[in-house]
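Input: a single structure, listed below in structure tokens.
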Amino acid sequence: MSKIEIIRGDITLLNIDAIVNAANRSLLGGGGVDGTIHRAAGSELLKACELLNGCSTGQAKITPGFRLPARYVIHTVGPVWRDGKHGESELLSSCYHQCLKLAVENNISTIAFPNISTGVYGFPKEQAVIIALETVQHFLGENPEIEQVLFCCFDKGNFDIYNTLLNSNIMIEKVISYEDILITADLAVKIWNEHYVPIIGQEQVNYMVSTFQSPGAIENQINNEHYEYYILYHQSEPSGYFAIKQSGDELFLSKLYVLKEKRGAGLGKEGFRFISRKAKESGLLRITLTVNINNINSIKAYEKLGFKNDGPVIADIGNGFVMDDFKMSFEF
Ligand code: AR6
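This is the structure:
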């Protein structure tokens, strides 16, 4: 964690081994941070870029820094944000990963990133920060030769998001790999047992966990039913999770659970902040959820977040079990 620092300012002024440029596929300059870097480095940078044959989205290429205080510029091409369903997250993560890989290959030990894709390319800021932190932290864990990574934020919005996430010790990670799925399923067993046994009984909990939260069931929901799962980390430990699914102009919040021992650390609130920002950024009108009518504490917590109770619904969940729920909704 301490190798990562957040600063505010102009990346071209940094006296550091390498700065990263949020370029376009031509690598021949543009607006935003790209334009500023080319102006500050001088025309030799453009000449060097002309020899690179462009760069694909999610990849990176390196040049000297020329007139910049930084020795190198690593040029990467972030994804243009469309709707989040065109591999944008994976491509953005790849940008950070490829830049760091080039850094290691070139004996670069200090590097500064701008907030790739969050300007002209329109990537939602909070999601971009989460991806950046997650990818960089993961890389640093495996490549100790990198000594410092600066996130150089030009605008206050990005700066505040980084600081909030880093200071709260909370990280939100999208479930992508099978390893993530196993972590989620493990959390589900713990949380459902400690939370739901008093409400719906052991038998129903066993049935629901094995039917809806086994690794295979989670994998199927992600791959075939358009669910997105996220793990909430507190002090680097898996501490909760949530699942969401867009349906028409609504975001269905299917689950938002925190381990008992981790309650009070602000994980639920941070998770909900992420969810509502994501829904708003996608132009959705409301967030909906269902909650068991006897799950008094959760109902109160959702009311506190601004949800209103839309009344009872009964869901047949199979095997002779029925859920008596309230439907709740949060309007923007
Ligand atoms: N130092 C640090 N960050 C900066 C600076 C600076 N001097 N100037 C702007 N930013 P953008 P993108 C921030 O639009 O979204 C270019 O035309 C800015 O506030 O530069 O990846 C390229 O040629 C924002 O948070 O990059 C491409 O065509 C972040 O840098 C396209 O824009 C990224 O904003 C790439 O779009």
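Sequence positions in the sequence shown follow the numbering used here and run 373 to 704. Don't be surprised by glycine CBs; every beta carbon is placed ideally from N, CA and C.
query                                                                                                                                                                        : result
If I follow the unbroken beta strand (DSSP E) through I689, where does it start and stop?                                                                                    : 680-690
Closest to K680 by C-alpha separation, out of E703, I590, N664, would be which residue?                                                                                      : E703
May I ask you to check if the CB of D532 is nearer than 7 Å to at least one heavy atom of ligand 1?                                                                          : no
Would you kindly report the start and end of the unbroken alpha helix (DSSP H) that includes K457?                                                                           : Taken as a continuous stretch (DSSP letters only), K457 belongs to no alpha helix (DSSP H), as it is neither H nor E.
According to the neighbour-count rule (16 or more other Cβ atoms, all chains shown, within 10 Å of its Cβ), is A442 buried or exposed?                                       : buried
Quick one: Cα of N425 to Cα of K652, how far?                                                                                                                                : 38 Å
Where does S489 land, buried or exposed, given buried means 16+ other C-beta within 10 angstroms?                                                                            : buried
How long is the line joining the alpha carbons of C471 and L399, rounded to whole angstroms?                                                                                 : 15 Å
Using only CA atoms, which one of C427, L656, E642, D696 lies nearest to N539?                                                                                               : E642
In terms of residue numbering, what span does the alpha helix (DSSP H) encompassing L623 cover?                                                                              : Where L623 is concerned, there is no enclosing alpha helix (DSSP H), although the beta strand (DSSP E) it sits in stretches over 622-630.
Below 6 Å CB to CB, which residues in the same chain sit around N515 once its five sequence neighbours on both sides are set aside?                                          : V476
Quick one: residues with CB closer than 6 Å to any heavy atom of ligand 1, in chain order, please.                                                                           : D382, I383, T384, A394, A395, N396, G402, G403, G404, V405, D406, T408, G450, P486, N487, I488, S489, T490, G491, V492, Y493, C524, F526, D527, N530
What is the DSSP secondary structure of E600, reduced to helix, strand or coil?                                                                                              : strand
Taking DSSP as the reference, what is the three-state secondary structure of Q607?                                                                                           : coil
Going by DSSP, what residues sit across from P436 in a beta bridge?                                                                                                          : Y444
Which word fits T583, buried or exposed, when buried means at least 16 other C-beta atoms lie within 10 angstroms of its C-beta?                                             : exposed
Leaving aside the five residues before and after E600 along the sequence, list all residues of the same chain whose C-beta is less than 8 Å from its C-beta, in chain order. : K546, V547, I594, A615, I616, K617
Contact check, L657 vs D621 under 8 Å by CB: the rounded distance?                                                                                                           : 5 Å
Starting from the N-terminal side, write out each stretch of the alpha helix (DSSP H) that is 4 residues or longer and does not extend beyond the region 646-681.            : 668-677
If you check the beta carbons only, do V449 and S428 fall under 8 Å apart?                                                                                                   : yes
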